[in-house]
Amino acid sequence: MSSSNPPNLECRMYESKYPEVDMAVMIQVKNIADMGAYVSLLEYNNIEGMILFSELSRRRIRSVSSLIKVGRQEPVMVLRVDKEKGYIDLSKRRVSEEDIQACEERYNKSKLVHSIMRHVAETMGLDLEDLYVHVGWPLYRKYGHAFEAFKVIVTDPDTVLDCLTREVKEVGPNGEEVTKVVTAMTPEVKEALVKNIRRRMTPQPLKIRADIEMKCFQFDGVLHIKEAMKKAEAAGNADCPVKIKLVAPPLYVLTTQTLDKEQGITVLTNAIKACTEAIDLHKGKLLVKEAPRAVSERDDKLLAEHMAKLTSANEEVDGDEGSEEEEDTGMGEADLDTNGVGIAD
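Take 1 as the starting number for the sequence shown in full-length UniProt numbering and just add one per residue.
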């Protein structure tokens, strides 16, 4: 396609041009007028709708600005649709918690599908609506939601995509126009779509982390702590291997990687329990500073930077300050005084 005539990249997410009455839809507030708020229906290519002030809340409205703000995205209920005039009346007060949850879940899936479809159309120079007509909407019809089809495409693209077709008109040998049925996409477009779906939808493992403090001032405290660490790591499994690292005495970090957040949190919780039981046997103490939770790459980076700073600080300590035997290993090891009582570090 020539650059002077770029492809159309605007299209609604669903086959229906308008939503159904009593359906929850995702909107963005555009402006607030005398009678109510004008909004865009995000799933329907930003067509305009209106929420009258009387439909904002079940309670008496003291302040409109506390109930609706320009720019905010939220689910609302469809009250009326006049397809001829293009009027859509909406309600914020009639949408239930259940509707809100279902709408947000559907919208997040549709938004991801739309983002992938739009990217393919843009990079391959295709009309987005044409791509939806022959690929997106047939998948919505067959799978309930194209997102579900995309999940299957990650591992089995041919089964999902090769049955999609389109009709093309050609001039036959005798000059007559004939209709032929061909695959919905060229191999190049199919490859681009599959590549984008795999890049955006292959599940990424989550990192789960917990921060603990562990001390043991008994004789051989360092060995007892190492034993407790082994017990923590043994609580992991092939899907959720547990690692425990010393940050700086007495702080330790437990981590695991998993595709299932709940499983990861359970495994780390069990690892802390095993570690606590092991150190309690030797009159040690374990304190949970941060319970198991999913962490981002940024959290990882901050921890790595913190550990690097501590390492360099330790290296800068003058080596003549004490003999090697007197150095604290940071594992809760303690020197013994003449009475054989452990001295806390």
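The beta-carbon is built from N, C-alpha and C at its ideal position, and this holds for glycine as well.
DSSP three-state assignment for residue i, whether helix, strand or coil
{"i": "ARG199", "result": "helix"}
{"i": "VAL171", "result": "strand"}
{"i": "LEU9", "result": "coil"}
{"i": "LYS285", "result": "strand"}
{"i": "LEU56", "result": "coil"}
{"i": "residue 374", "result": "The structure shown does not extend to residue 374, since the chain is modelled only from 1 to 345, so the question has no answer here."}
{"i": "MET50", "result": "strand"}
{"i": "ILE68", "result": "coil"}
{"i": "VAL267", "result": "helix"}
{"i": "residue 394", "result": "Outside the shown range of the chain, which is 1 to 345, sits residue 394, and nothing can be said about it."}
{"i": "ALA278", "result": "helix"}
{"i": "GLU324", "result": "Any reading at GLU324 must be qualified, since the residue scores a pLDDT of 39, below 50, and its modelled position is unreliable; the value itself is stated next. The answer is helix: DSSP assigns GLU324 an H, G or I state."}
{"i": "MET35", "result": "coil"}
{"i": "TYR44", "result": "helix"}
{"i": "ALA304", "result": "helix"}
{"i": "LYS92", "result": "coil"}
{"i": "LEU246", "result": "strand"}
{"i": "GLN101", "result": "helix"}
{"i": "ALA238", "result": "coil"}
{"i": "GLU297", "result": "helix"}
{"i": "TYR132", "result": "helix"}
{"i": "GLU20", "result": "coil"}
{"i": "ALA252", "result": "The question names Ala, but residue 252 in the sequence shown is Tyr. Here TYR252 sits in strand by DSSP."}
{"i": "GLU15", "result": "coil"}
{"i": "GLY319", "result": "In this prediction, GLY319 has a pLDDT of 49, which is less than 50 and means its spatial position is unreliable; what the coordinates show is noted afterwards. Helix."}
Enclosing alpha helix (DSSP H) for residue i [first to last residue]
{"i": "PRO157", "result": "157–161"}
{"i": "residue 348", "result": "Given that the chain is displayed from residue 1 to residue 345, the structure contains no residue 348 and the question cannot be resolved."}
{"i": "LEU223", "result": "221–234"}
{"i": "VAL152", "result": "146–153"}
{"i": "LEU139", "result": "137–143"}
Beta-carbon gap between residue i and residue j smaller than 7 Å
{"i": "residue 358", "j": "THR255", "result": "Because residue 358 is not part of the residues shown, which for the chain are 1 to 345, the question remains open."}
{"i": "CYS11", "j": "TYR132", "result": "yes"}
{"i": "ALA192", "j": "MET124", "result": "yes"}
{"i": "LEU41", "j": "VAL25", "result": "yes"}
{"i": "LEU126", "j": "PRO7", "result": "yes"}
{"i": "PRO138", "j": "LEU164", "result": "yes"}
{"i": "LEU9", "j": "GLU122", "result": "yes"}
{"i": "ILE244", "j": "ILE208", "result": "no"}
{"i": "ALA210", "j": "VAL242", "result": "no"}
{"i": "VAL154", "j": "MET201", "result": "yes"}
{"i": "VAL39", "j": "ILE47", "result": "no"}
{"i": "LYS180", "j": "VAL168", "result": "yes"}
{"i": "PRO292", "j": "THR311", "result": "no"}
{"i": "HIS224", "j": "HIS145", "result": "no"}
{"i": "LYS109", "j": "PHE147", "result": "yes"}
Contact belief for residue i with residue j at Cβ below 8 Å, rounded distance in angstroms
{"i": "ILE32", "j": "ILE68", "result": "7 Å"}
{"i": "PRO205", "j": "THR258", "result": "6 Å"}
{"i": "MET35", "j": "PHE53", "result": "7 Å"}
{"i": "MET23", "j": "GLU43", "result": "Rounded, the Cβ-Cβ distance is 10 Å, inconsistent with contact."}
{"i": "ILE51", "j": "SER91", "result": "7 Å"}
{"i": "residue 355", "j": "GLY136", "result": "The shown model of the chain, from 1 to 345, leaves out residue 355, and the question about it has no answer."}
{"i": "SER57", "j": "ARG93", "result": "5 Å"}
N- and C-terminal bounds of the beta strand (DSSP E) containing residue i
{"i": "LYS83", "result": "Premise fails: LYS83 is in no beta strand (DSSP E) and is neither H nor E."}
{"i": "ARG209", "result": "206–215"}
{"i": "LEU259", "result": "That residue, LEU259, is in no beta strand (DSSP E); it is neither H nor E in DSSP."}
{"i": "THR183", "result": "177–183"}
beta-carbon residue i near the ligand GDP non-hydrogen atom, thresh 6 Å
{"i": "GLU233", "result": "This structure does not include the ligand GDP; it has no bound ligands of any sort."}
Below-7 Å beta-carbon distance, residue i vs any chain C residue
{"i": "PRO292", "result": "Protein chain content of the structure displayed is limited to a single chain, and chain C is not contained in it."}
Any contact of the stretch 204–219 with the stretch 265–276, i.e. 3+ C-beta pairs under 8 Å? Three or more beta-carbon pairs drawn from the stretch 204–219 and the stretch 265–276 are found closer than 8 Å, and the two stretches are therefore classed as touching.
Cβ pair count under 8 Å reaching 3, the stretch 192–205 against the stretch 226–242: Contact between the stretch 192–205 and the stretch 226–242 is not established, with fewer than three Cβ pairs separated by less than 8 Å.
Segment contact flag, the stretch 161–179 with the stretch 243–254, C-beta cutoff 8 Å, min 3 pairs: With the cut-off at 8 Å, the stretch 161–179 and the stretch 243–254 do not touch.
Is the stretch 276–290 touching the stretch 224–233, taking contact as three or more C-beta pairs under 8 Å? The stretch 276–290 vs the stretch 224–233: in contact.
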